[in-house]
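Going by the working numbering, 15 is the number at position 31 of the sequence shown; the sequence numbering is gapless.
Quick notes on the structure that follows.
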Amino acid sequence: IYKDQDSSEWLGYLKAHVSLAYTPIEEINKNVTVTKNWSIWNNLQWEKEIEKPQIGSVFSARLKLTNVSNNAVYYKLYKSGKFYGYINAEAVKDLTTTKLNKYVTFSVNNEDFWSSLDVNYSKGKTERGRVFYISISYNTADNQPIYSVYTDETCTEWRGYYKGNNFEDTQITMLENKSVKVTKSGYTVWGDLNFWTKSGISNTGDIYTTDRKFYNFTNNAYYYELKKDGRVYGYINSEAAVEMN
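Now the structure itself:
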């Protein structure tokens, strides 16, 4: 007999007896959020308490075990890809998602973008005035959703998970293939609304088409989404361009 299936700690031999019962095991793969701050144990002999997790915490559950003596179900939990402990299944619920698909503008600096849903390792920091795209939210038990954040709606560049509410929906004005003419030189044409990459510098007289205008509430500015040859070229402050009839 060993402590568990992954353990190298041998306990000894046990003579088979009619009082022994098989423990049903089911492999699963889902995220769960904590609803009750019950103990997480290091093993199913309940030898050591790892912690009493905060309500709303998120873990990955990969194994479901049933204790036939009391019909209680336990989940084997992982955190950041590593085994963490066992918890009674009544203390958690499945983590659900909500589709959002919207641009947002962050209002504060230095809040974390996390590399995983257990918000254990930081992947980066928020900056006031940066515009990002949120695809979905994860509905945690503490009613503080975790958002999956991308650079833009193509969802090709993932920025991380954000847990907080320091952002506002980005107002977008639809312009339906309108022409805009650059009226001021020297303005940066940004590669995205995070203002991290540059596509170029504005030149007076250049003409682009645009379908959308984005409002950034942190500096009270509008930005045209410029298109060149049918593809997005970049974003420019509306102070440097004018819409054409």
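In this text, a Cβ means the ideal position worked out from N, Cα and C, and glycines have one as well.
Quick caveat, the model's predicted, so the values are computed rather than measured.
Host beta strand (DSSP E) of residue i (start-end)
i           : result
residue 219 : 215 to 221
residue 44  : 42 to 51
residue 155 : 155 to 166
residue 96  : 96 to 98
residue 209 : 205 to 212
Anticipated Cβ contact below 8 Å, residue i with residue j, distance rounded
i           : j           : result
residue 25  : residue 70  : 5 Å
residue 174 : residue 163 : Contact doesn't hold; Cβ gap of about 20 Å is too wide.
Backbone CA spacing between residue i and residue j [nearest angstrom]
i           : j           : result
residue 181 : residue 149 : 26 Å
residue 126 : residue 39  : 6 Å
residue 219 : residue 202 : 16 Å
residue 76  : residue 18  : 4 Å
residue 206 : residue 44  : 42 Å
residue 134 : residue 20  : 31 Å
residue 209 : residue 194 : 6 Å
residue 105 : residue 168 : 43 Å
residue 95  : residue 144 : 12 Å
residue 61  : residue 213 : 51 Å
The ligand ADP heavy atom lying under 7 Å from the CB of residue i
i          : result
residue 51 : Questions concerning the ligand ADP fall outside what the structure shown contains, since it holds no ligand whatsoever.
Buried or exposed (CB count within 10 angstroms, at least 16 for buried), residue i
i           : result
residue 185 : exposed
residue 166 : buried
residue 224 : buried
residue 12  : exposed
residue 8   : exposed
residue 191 : exposed
residue 188 : exposed
residue 226 : exposed
residue 161 : exposed
residue 215 : exposed
residue 204 : exposed
Three-state secondary structure assigned by DSSP to residue i
i           : result
residue 125 : coil
residue 74  : helix
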